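2 protein chains.
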Amino acid sequence: MAAEAGVSQSTVSRALAGDPVVSEATRARVAAAAAKLNYHVDENAARLRTGRTGTLAVVVICRPDEDIKNFNPFHFALMGSVCAAASRRRHETLVSFQGAADRLWGLYQEQRKADGVIVIGTSENPEAWDYFRNLAKEGAHLVCWGSPHEDLDWVRSDNVGGARMATQHLLDSGYRNIVCIASQTSAQRQFKERYDGYAELMVEQGLEPRLVTFEEGLSRDEQGRRAAVELIRSGQPFDAIFACCDEIALGTLRVLREQGISVPEQVGLIGFDGIRAGAHSAPPLSSVEPDFQTAGEVLVDRLLSVIAETPETKPRVPVRLLPRSSSRR
Amino acid sequence: MAAEAGVSQSTVSRALAGDPVVSEATRARVAAAAAKLNYHVDENAARLRTGRTGTLAVVVICRPDEDIKNFNPFHFALMGSVCAAASRRRHETLVSFQGAADRLWGLYQEQRKADGVIVIGTSENPEAWDYFRNLAKEGAHLVCWGSPHEDLDWVRSDNVGGARMATQHLLDSGYRNIVCIASQTSAQRQFKERYDGYAELMVEQGLEPRLVTFEEGLSRDEQGRRAAVELIRSGQPFDAIFACCDEIALGTLRVLREQGISVPEQVGLIGFDGIRAGAHSAPPLSSVEPDFQTAGEVLVDRLLSVIAETPETKPRVPVRLLPRSSSRR
DNA sequence: CTGAAAGCGCTTACAG
DNA sequence: CTGAAAGCGCTTACAG
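Residue numbers (this note's numbering), protein chains in the order written: chain A, 1 to 329; chain B, 1 to 329.
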C-alpha cells in the first residue's frame, strides 16, 4: 500500500486519518492508491494503538426468559434511536439483549470492545440492574434509561411535564373526574413521576387527585385490566383515566369495552409512551410520547461526556401530546 | 499479570484461552491472578493477532428518512432474535440502522470489525439493497432477510406453507369466498410466495383464487385500506380475506369496520407476520407468525457457515398459525 | 511536510 | 507442560 502510493507507512496513516499536516498532493495520491487496492484501515490495530474504540455498547435489559417477540416496543424504538444517534456521532454500537441472571455481561471496557455502555430496558429485572450498578460503581462509563436505582447516571422523559399535559388535555376535553392508574412504589420510577405530575396539576385546579394502583409482577396488560376492574367495582365516580403507560391503558381499555362503558363518550382515556399498538386499538389511544430522536441523542451525548469526563448535558427528554380519539368528546 | 501468576506471558494467554495443554494447577493460578488484578484480555490485540473478530454486523434497512418510531416491529423482533442467537453462539453483534442512500455503509470485514454481515429490513429501499448486493458480489460474507434480489444469500419464512395454513384455517371456519390481498410484483418477494400458497390450496379445494392487489409506494396501512375500498366497490362477493401481511390486514380491518361490515361474522380476516398490534385491534387479528427464535438462529448459522465456507443449513423458517377472533365464526 | 522506529497487547509456531 | 521470540497492522513521538 505504501509502495503503491510511493510514500511511507506513516504518511499513509496520516493521510487517511485526515491529518492536516500532509500536503494535498500526497493525500490525493494516497487516496487514489487506497481506492485502487481497496485498502481499509484495520480497526483492531488502530484501536490497539490508540486505546480508543469508537464503539458504544448498548445493553437492552429484558425480563428473564422473555420472548423477544413480546418485548416492549418502546424499548426497541429507544434502542434504535440510540444506535442512530451514535452513528451520527461516528460511533458503532454493539447491541445485546440480556435477561437471564446467569448470563449478564458488561465488561466491554475491560475487554476494550467499547468506550462505555448505555443500558436501557425493563425495570423489572432487579438482578440485571444490580449487576450494572456494580459495574458503574467500579468506574465503568455507564448511562441508563429505566433503572430502578437513582444512583446510576440516568436519562428520563420529562415525566412530570408529560403527565401535566395529559391531565390538562383531559380537562380541556371537558372531563373533571379524572383518576390516575399508577404506582408510587414500582421499580419503574417514571410511574411515580407521572403520578406526581398529574396530582400536581389536579391540586392546582382545585380538583382531588385519585390514585388507582396495581400489583407488581403481572404483565402490564393484566395490571391495566385489574386496575380497571377494581376501579369499576369500587363504585366511585370517574369520567376519565390517565394511565401511567400505554400497555396498562390498553388493558384498561379492553375492560371498559367489555363492561359496555363507551370510550371516549362516557370515559376519556389517555396513556403514556406513544407505542404503536395505541394507534390500532378501538378507539385509538391518546398518549404522550417522548421525542425519540432526542432521547437517543441525549443518551449518547451524556455517555460521551461521561467518557470525556465532562458530564453536563441535561438528562430530561422532552415529550409531546399525542391526542387520539380515546380522549375527545 | 504474568509476574503475579509466576508464569510467562505465553502461559497466561494459553491458560485464559482454555488451551488443554496447560496443567490444571497452572490454570488455577492464572485464573486467580486474573481475578485479583481484574485482568481481561484486550480483544483488539487478540483480534489483530488471530484475524478473527467473533463479531457479526447486523444491518437493519429502513426506508430513507423513516422515523425509528414508525419502524416495522417485525424487523425489530427479527433483529433482536438475531442478536440473541449470535450471543448464544458467543458472538457480539454490531447493529446499525441504515436508510439514507448517501449514508450506506457495510465495510465491516474490510475494516476487520466483523466476520460477516446479516442484512434485514424493508424491501422498499432499492438503493440499500443494491449497495449490499454489490458488497456480496465482491465477496463479503452476507446473509439477508427481505431482499428483493434472488441472488443474495437469503433466509425466509415458509411463506407457502404459512399461506396454506391461513387459507385452510379460513376454510375450516366455514368461509368459502376467500380473496387474497397481495402482490405478485412487489419488491417484497414474500408477498408473491404467500399468494402462491393461497392459490395453490384454493385450486386443490376446487375453489377459485382471487387476487386483490395494491399500489406500490404507499404505507402498508394505506395499501390495505385502498385494497379494501377497491374490493367492496367492485361488488364481487367475498366472505373472507387473507392479507399478505398484518399491517395491510389492519388497514383493511379499519375500512371494513367503517363500512359497517362485521368481522368475523360477515367477513373473516387473517394476516401474516404476527405483529403485536394485531393482538390489540378490534377484533384481534388472526395471523401466521414465523418462529422468531428459529429465525435468528437460522440467519446466524447460515452466516457462520458462509464464513466457514461450508454453507448448507436450509434457509426456510417454520411458521405457526395464530388464530384470533377476526377469523372465527 | 515526510520517514524511520518504537510499541500497543496479544497468539502461536518453535524449542526445550 | 512451559518459555522466549516473532509479528499481527496500526499511530505517533522524534528527527530531519
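We put the beta carbon where it would ideally sit given N, CA and C, even for glycine.
Bear in mind that the values here come from a model prediction, so they are computed numbers and not experimental data.
Item to check | Neighbourhood of A32/A by C-beta, 6 Å cutoff - its chain only, sequence neighbours within 5 removed | outcome: none
Requested in this report: Buried or exposed for W145/A, please, with buried defined as at least 16 other CB atoms from any protein chain shown within 10 angstroms of its CB.
Outcome: buried
To the nearest whole angstrom, what separates the beta carbons of F242/A and A166/A, a pair I think is in contact under 8 Å? 5 Å
>> I'd like to know if G146/A contacts chain B, where contact means its C-beta is closer than 7 Å to some C-beta of that chain.
In response: Answer no: the Cβ-Cβ gap between G146/A and chain B never drops below 7 Å.
- prompt: Does the Cβ-Cβ distance between D273/A and F74/A come in under 7 Å?
  reply: In this structure, D273/A lies near F74/A, with their beta-carbon atoms less than 7 Å apart.
Under 7 Å between beta-carbons, which chain A residues line up against C83/B? List them in chain order, please.
Ordered by position in chain A, the residues that pass the 7 Å Cβ test against C83/B are V95, S96, F97.
- request: List the endpoints of the continuous alpha helix (DSSP H) containing R257/A.
  value: 246-258
Are the C-beta of I68/B and some C-beta of chain A separated by less than 7 Å?
Interface criterion met: the Cβ of I68/B is under 7 Å from a Cβ in chain A.
- Decide yes or no for the touch test of the segment 146-157 of chain B against the segment 94-104 of chain B: beta carbon pairs closer than 8 Å, at least 3 of them. The segment 146-157 of chain B is not in contact with the segment 94-104 of chain B.
Separation of G99/B from E66/B, as counted between CA atoms: 7 Å
Requested in this report: Kindly identify the DSSP beta-bridge partner or partners of S287/B.
Outcome: L322/B
Are the segment 229-242 of chain B and the segment 168-180 of chain B touching, with three or more C-beta to C-beta distances below 8 Å?
yes
- Bridge-paired residues (DSSP) for C180/B: L211/B, F242/B
Original post:
Is it buried or exposed for W129/B, if we count other Cβ within 10 angstroms and need 16 for buried?
Top reply: buried
_Mapping the DSSP letters down to three states, classify R156/A as helix, strand or coil._
Under the three-state reduction of DSSP, R156/A is assigned to strand.
- [ ] For H40/B, go through chain A and note every residue whose CB falls closer than 7 Å to its CB, in chain order.
- [x] Going along chain A in sequence order, the residues near H40/B (Cβ under 7 Å) are L107, E110, Q111.
Considering only residues of the same chain and omitting the five flanking positions on each side of Y198/B, which have a CB-CB separation below 6 Å?
-> A163, T167, C180, F242
Straight-line gap, R254/A to E208/A (C-alpha atoms, nearest Å): 26 Å
Q. What residue ranges within the segment 67-138 of chain A form continuous alpha helix (DSSP H) runs of no fewer than 4 residues, ordered along the chain?
A. 73-88, 126-137
Note to self: Quick check: R112/B and D42/A, are their CB atoms within less than 7 Å of each other?
What the structure shows: yes
- Message: Just verifying my parser: in three-state terms, what is the DSSP assignment at I307/A?
- Response: helix
Q.
At a cut-off of 6 Å, would you count V212/B as near the ligand GDP, judging by its Cβ distance to the nearest heavy atom?
A. No copy of the ligand GDP occurs in the structure displayed, which carries no ligand at all.
Margin query: Taking CB distances under 7 Å as the criterion, tell me whether L211/B reaches chain A.
Written below: no
So L250/B contacts chain A; which residues on that side make the cut at Cβ distance below 8 Å? H280
### Message
Is it buried or exposed, S234/B, if we count other Cβ atoms within 10 angstroms and call 16 or more buried?
### Response
exposed
| said: Is the separation between the beta-carbon of S287/B and that of G271/B shorter than 7 Å? | reply: yes
Query raised in the report: Which residues share a DSSP beta bridge with L269/B?
Result: I241/B.
Margin query: Between which two residues does the alpha helix (DSSP H) holding T53/B run?
Written below: In this chain, T53/B is not harboured by any alpha helix (DSSP H), its DSSP state being neither H nor E.
Exercise for review: Would you identify the three-state DSSP class for G142/B, choosing helix, strand or coil?
Suggested key: Just to set this straight, residue 142/B is Leu in the shown sequence, not Gly. Reduced to three states, the DSSP call for L142/B is strand.
ask   = Given a threshold of 16 other Cβ atoms within 10 Å of its Cβ, counted over all protein chains shown, does T50/B qualify as buried or as exposed?
value = Flag for T50/B reads exposed.
- request: Determine which residues share a DSSP beta bridge with V317/A and list them.
  value: S157/A
query: How many Å lie between R220/A and N72/B at the Cα?
result: 22 Å
Examine chain A for any beta-carbon lying closer than 7 Å to the beta-carbon of P126/B, and answer yes or no.
no
- Query: Are L107/A and H40/B close, meaning C-beta to C-beta below 7 Å?
  - Reply: yes
- Message: Here's a check: name, in chain order, each residue in its chain whose Cβ is nearer than 8 Å to the Cβ of R324/A, leaving out the five neighbours to either side.
- Response: G278, A279, P283, P284, L285, S286, S287
CB contact flag (S123/B, A187/B, <7 Å) = Cβ atoms of S123/B and A187/B: closer than 7 Å.
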